[in-house]
Amino acid sequence: MHPSYNATKNKYHHDIALVELATPMEFNSYVTPICIANKDFIDSLTKEKSVRNIVSGWGDVRFQGRPATVLQKVEVPFVDRAACKRSSRVTVFVNMFCAGYDDVSKDSCQGDSGGPLASLFNDVWFLTGIISWGEKCALREKYGVYTRVSRFTDWIKSTALLP
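Using full-length UniProt numbering, read the sequence shown as starting at 1 and increasing by one per residue.
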């Protein structure tokens with residue numbers, strides 16, 4: 001868990017954790033690594049309209065619906081920061097961003113939290129966001145809110161002992 005996370009103050013701020021595995025992962029066609037880029041690169045990606053973003057999870061297939069029985073994925077665009085902040089009653093901090101549609105078509109949902117928002121850029125996938133929260137799901141002019149991984153790159157690298 002990030003050292004600045006404090007659920008009693010704000011359960012969405014610094015909403016990121018790392019898991020240490022007992023045994024190494026075995027990569028195959030279903031389990032592959034993802035890139036974590038530096039802060040400036042990922043911050044610039046979130047402003048790009050041409051970037052393809054995929055969110056995946058096992059959460060509810062609709063608000064207060066049943067959980068998925070098959071892994072779900074949906075493509076969602078980044079939302080500009082001003083629209084993101086206007087859309088929410090809850091503060092959207094700088095270590096968060098919004099993605100989704102302003103109609104009721106597609107969104108992450110309850111139970112998807114902790115899942116990835118992966119961005120494809122020049123045929124390389126980057127972990128850009130972590131599903132954090134939203135107001136219900138797939139509501140008009142409401143978006144999914146994601147932890148901005150680029151704000152935590154240094155912490156991830158030092159905690160995981162990465163170069």
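Beta carbons: idealized from backbone N, C-alpha and C, even for Gly.
- CA-to-CA, the gap between V55 and M25 works out to about 22 Å.
- With respect to the 8 Å criterion, I130 and D112 are not classified as neighbours on the basis of their beta carbons.
- In this structure, DSSP gives A160 a state outside helix and strand, which the three-state scheme calls coil.
- Each residue's CA atom was taken as its position, placing A68 and K39 some 33 Å apart.
- The criterion of a C-beta distance shorter than 8 Å is not satisfied by K85 and V74.
- Counting along the chain, the unbroken beta strand (DSSP E) around I54 starts and ends at R52 to G57.
- Shown here for Q110: same chain residues with a beta carbon closer than 6 Å to its own, the five before and five after excluded, namely G59 and D60 in chain order.
- The DSSP-derived three-state label of S44 is helix.
- Per the C-alpha coordinates, the member of K106, K157 and V76 positioned closest to F97 is V76.
- Cβ atoms of Y143 and A99 come within 8 Å of each other, at about 6 Å.
- The alpha carbon of R151 has as its nearest neighbour, out of C137, N53, L139 and L127, the alpha carbon of L127.
- When DSSP reads this structure, R148 sits in a beta bridge with G129.
- Annotation: the segment 64-100 contains the following complete segments of the alpha helix (DSSP H) (minimum length 4 residues), in chain order: 81-86.
- Pairing A118 with L18 gives a Cβ-Cβ distance that is not under 8 Å.
- Using a Cβ distance threshold of 8 Å, T147 and N95 count as a contacting pair.
- Rounded to the nearest whole angstrom, the C-alpha separation of Y101 and A138 is 8 Å.
- Burial state of D123 is exposed, judged by a 10 Å Cβ sphere holding fewer than 16 other Cβ atoms.
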